[in-house]
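Here the working numbering = 1-based position in the sequence shown + 44. All C-beta atoms, glycine included, are put in the ideal place defined by N, C-alpha and C.
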Amino acid sequence: MNRVKQVRLSGLKRLVKKKEANKHDNYGERGDGVQEKATWIIHPRSYFRHCYLVFMVILTFVNLITIPLDIAFSEDMHDSAHKYWVAFNVLSDILFCLDIGMNFCMGIFNDNGEAILDPQKIREDYLHSWFVPDLVAAFPVDIIIIIVVSDIRLEEVKKILRLLFVLFMMAVIWHWDTCIQYFVAAIEGFPLDCWIVNSNLTHSSIGEKYRYASFRALKQMSWPFLEFPTRLEEQWMALISMVIGFFMFFVFLACVITTFGSLSGAGKNKVSQIQSSFLFSSRPLALRQRIIADCKWQIYKKSVLDVVSERLRKDIMADICSNLVKINALFKSWDTRFSRAVVMCLEAEFFSPGDVIIEKDTAADHMFFIDSGHVLVEDDHQLKEKNDGEHFGDISFLLGERQQISARALTTCSLFSLSLQDFEMIEKQFPQVVKEMRETAAEMKEQDLEVSWRSRLPSHPHQAASERRPSLESVFLKE
45 MNRVKQVRLS GLKRLVKKKE ANKHDNYGER GDGVQEKATW IIHPRSYFRH
95 CYLVFMVILT FVNLITIPLD IAFSEDMHDS AHKYWVAFNV LSDILFCLDI
145 GMNFCMGIFN DNGEAILDPQ KIREDYLHSW FVPDLVAAFP VDIIIIIVVS
195 DIRLEEVKKI LRLLFVLFMM AVIWHWDTCI QYFVAAIEGF PLDCWIVNSN
245 LTHSSIGEKY RYASFRALKQ MSWPFLEFPT RLEEQWMALI SMVIGFFMFF
295 VFLACVITTF GSLSGAGKNK VSQIQSSFLF SSRPLALRQR IIADCKWQIY
345 KKSVLDVVSE RLRKDIMADI CSNLVKINAL FKSWDTRFSR AVVMCLEAEF
395 FSPGDVIIEK DTAADHMFFI DSGHVLVEDD HQLKEKNDGE HFGDISFLLG
445 ERQQISARAL TTCSLFSLSL QDFEMIEKQF PQVVKEMRET AAEMKEQDLE
495 VSWRSRLPSH PHQAASERRP SLESVFLKE
């Protein structure tokens with residue numbers, strides 16, 4: 045008994061070609077070769093089946109658009125945008141996996157247009173035709189990456205897998221273009237001037253037609269067509285193929301540059317490892333930017349400053365802090381050797397708008413110099429905005445007390461901080477200078493207390509705090 049040849053999706057092709065359906069083939073009838081169906085088998089001409097096929101086609105096209113975007117811009121997606129994107133990818137993977145199960149419940153057609161509703165025949169047909177391609181296409185890569193990569197921080201493997209995934213998607217798009225090349229001519233009934241008739245492929249085998257259509261699609265995607273298409277539909281198809289080809293080329297080039305660029309340097313690789321960690325990805329955007337900026341500074345310091353001579357290191361730091369040294373009054377008033385010693389101990393820190401730099405009543409273990417940006421400093425009786433070249437947190441730092449001020453960034457700030465531990469090392473080299481600084485800081489604190497006490501007396505006129513308070517730089521300049 046000859047095996048009945050069954051063609052899947054022929055119902056959709058009949059809709060496109062506007063062929064008439066079998067008039068006697070209804071849901072409750074068994075005539076015209078329609079077999080009795082199981083209760084869970086979906087009739088191939090049902091309205092639900094056609095809506096389901098249209099939905100899956102739309103979902104597939106959406107994934108063809110979003111997957112290249114995810115590959116190219118996944119590193120730039122943060123917070124809610126990244127969560128929504130991952131949720132959509134995971135949902136798509138789940139739907140494609142469910143689609144495999146749905147295909148075992150979908151009735152099919154044979155060559156005569158008769159509906160086959162026998163579950164065993166449907167299962168055999170699907171297993172011998174589209175099951176393996178559907179299983180490969182629906183493989184839940186995103187879900188596996190979320191589960192596995194969260195535990196295994198192998199950045200190199202991730203990049204290589206991403207490159208392989210790009211190549212796989214390019215092959216899938218190539219396959220789609222190949223099939224559409226032939227399908228456009230097929231739905232028109234193979235007119236005499238179409239490329240299939242001109243190439244004498246009308247009666248050729250499917251393999252030969254696929255090879256020729258594949259070559260035609262690749263030629264249009266990779267290089268401007270050598271022969272101009274004769275039909276309007278083929279001209280539009282060639283134009284779309286060219287646009288897709290250029291887009292695929294740029295996505296592949298960007299992926300290659302990203303992959304091998306990240307593997308080229310230990311510093312960039314370290315930054316990539318930090319970016320891929322759960323601790324980093326779960327933090328707010330502003331904090332992530334500070335982490336990356338500080339990491340790059342530490343990598344630069346370790347890879348450059350720690351391997352050069354001390355004299356050259358001083359010159360490098362002097363160049364990095366040149367703007368600060370020129371405009372900060374403290375550096376102008378200090379001895380040159382003392383200034384260089386302080387510069388060598390400075391650490392770069394970066395803050396986003398709204399970040400708290402100093403909290404009141406905390407340990408005064410750092411003082412800060414503003415390289416660029418605006419900082420709002422608040423004490424008991426005034427608010428003051430600090431700009432480029434100014435410093436803050438110095439009084440409590442020098443006196444070894446808890447901070448009497450609070451400070452937060454008004455704009456994106458690039459600061460240099462001097463730690464208490466490094467300052468104690470500087471004090472051993474320049475004890476007299478540090479002693480004078482501490483005495484000046486004590487006088488400034490007394491003046492602050494006096495101004496604060498007088499400000500509580502409403503009947504007693506007094507000057508503004510900024511006019512009565514001496515500064516470290518003014519004391520050194522007088523001397």
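Suppose you measure from the CA of residue i to the CA of residue j; what does that come to, to the nearest Å?
i    : j    : result
E490 : W129 : 58 Å
I196 : L454 : Low local confidence applies: a pLDDT of 45 at I196 is under 50, so the model's placement there is unreliable, and no value is given.
Y71  : A159 : Its pLDDT being 41, under 50, Y71 is placed unreliably by the model, and nothing is read from it.
C141 : T104 : 13 Å
F413 : I109 : 48 Å
W561 : N154 : Residue 561 lies beyond the range of the chain shown here (45 to 523); nothing can be said about it.
D399 : N147 : 55 Å
E483 : H410 : 18 Å
D237 : M213 : 32 Å
S285 : Q164 : 40 Å
P177 : A257 : 19 Å
D462 : G289 : Per the sequence shown, residue 462 should be read as Leu rather than Asp. Cα to Cα, L462 sits roughly 55 Å from G289.
V101 : N244 : 31 Å
Q264 : I250 : 21 Å
E252 : R260 : 12 Å
F234 : F294 : 35 Å
V611 : F375 : What is shown of the chain runs 45 to 523, which leaves residue 611 out entirely.
D424 : M481 : 23 Å
M361 : L205 : 41 Å
H418 : R381 : 29 Å
D169 : L179 : 15 Å
K62  : D114 : Model confidence at K62 stands at a pLDDT of 40, short of 50, so the residue's coordinates are unreliable and nothing is read from them.
I138 : N367 : 56 Å
D359 : V134 : 53 Å
F92  : K127 : 32 Å
T246 : D143 : 33 Å
F99  : N242 : 35 Å
E468 : P328 : 35 Å
K67  : W84  : Note on K67: pLDDT 40, under 50, position unreliable in the model; the coordinate value appears next. Straight-line Cα distance between these residues: approximately 23 Å.
T456 : I336 : 14 Å
Mind checking whether residue i and residue j have CB atoms under 8 Å apart?
i    : j    : result
L262 : W218 : yes
L420 : E434 : no
E403 : L459 : no
H87  : G145 : no
A486 : R446 : no
N156 : S136 : no
V216 : F296 : no
D432 : I364 : no
M281 : Q225 : yes
V300 : L208 : no
Q473 : A385 : yes
S416 : R334 : no
V477 : D338 : no
Looking only at DSSP bridge pairs, what is residue i linked to?
i    : result
L459 : E393, I414
D130 : The residue asked about is misnamed: residue 130 is Val in this sequence, not Asp. None; V130 has no bridge partner.
I336 : The partner list for I336 (beta bridge, DSSP) is empty, contrary to what the question assumes.
I86  : M150
V400 : R452
F436 : F412
A159 : F153
R446 : A407
Please report the residue range of the beta strand (DSSP E) in which residue i lies.
i    : result
F153 : 152 to 154
L427 : 427 to 430
L420 : 419 to 422
Mind checking which residues open and close the alpha helix (DSSP H) that includes residue i?
i    : result
S383 : 380 to 388
R255 : 250 to 266
P235 : Unbroken run through P235: none, as it is neither H nor E.
P184 : Per DSSP, P184 belongs to no alpha helix (DSSP H) and is neither H nor E.
R355 : 354 to 364
L374 : 373 to 377
L464 : 464 to 473
Inspect the CB distances between the stretch 432 to 446 and the stretch 380 to 398 and report whether three or more fall short of 8 Å. no
Does the stretch 270 to 283 come within contact of the stretch 218 to 238, defined as at least 3 CB pairs closer than 8 Å? yes
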